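Numbering (UniProt numbering), first residue to last: 1 to 133. Right, one structure below, let's go through it.
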């Protein structure tokens, strides 16, 4: 019997005979190739070598630029835009599924914030590429 993964952020990437990839925190099915993968720790982007106040000031200075409203593309721009790169869309879908698996597992708040931010980044990129149109 295989031991349960105890550390946060450790997952298995399972690849079946058809090449379909799935991510899980449990044992892969019989006949699937398994590879252990590790997510980044839930540091929420903080660096232990720098003071919290300094990092807070930098984040506050960057916030206005990040929160500026973006203009929606016109109907003509959408109609003329090329189709999204299918491979990147598939990869983003898989990444989102893997992040959802992580988010459903027990974790500390910082780890949850990290995975939520990564999921938001992936869904924003997916939307930017026009995946699923």
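We put the CB at the ideal spot given by N, CA and C, even for glycine. Since the structure is predicted, the reported quantities are computational estimates derived from the model, not experimental observations.
Enclosing alpha helix (DSSP H) for residue i [first to last residue]
i	result
residue 128	109 to 129
residue 95	86 to 104
Residue i versus residue j: straight-line alpha-carbon distance, rounded
i	j	result
residue 103	residue 115	7 Å
residue 49	residue 109	21 Å
residue 119	residue 60	22 Å
residue 93	residue 86	11 Å
residue 117	residue 17	33 Å
residue 122	residue 33	26 Å
residue 111	residue 95	16 Å
residue 19	residue 127	26 Å
Own chain partners of residue i with C-beta closer than 6 Å, once the 5 adjacent residues on each side are dropped
i	result
residue 35	13
Chain-order list of residues whose beta-carbon lies under 7 Å from that of residue i (same chain, five-residue window excluded)
i	result
residue 139	For residue 139 there is no data in the structure shown, the boundaries of the chain being 1 and 133.
residue 105	25
residue 125	92
Endpoints, the beta strand (DSSP E) within which residue i is located
i	result
residue 30	Note, residue 30: premise wrong, no beta strand (DSSP E); not H, not E.
residue 51	Where residue 51 is concerned, there is no enclosing beta strand (DSSP E), given that its DSSP letter is neither H nor E.
Contacts around residue i, its chain only, beta-carbon distance under 8 Å, and the 5 residues preceding and following it disregarded
i	result
residue 129	84, 85, 88, 89, 92
residue 21	13, 14, 15, 94
residue 62	none
residue 58	none
Would you say the segment 16 to 36 touches the segment 50 to 61, given that touching needs at least three Cβ pairs under 8 Å? No, because fewer than three Cβ pairs between the segment 16 to 36 and the segment 50 to 61 fall closer than 8 Å, the two stretches do not touch.
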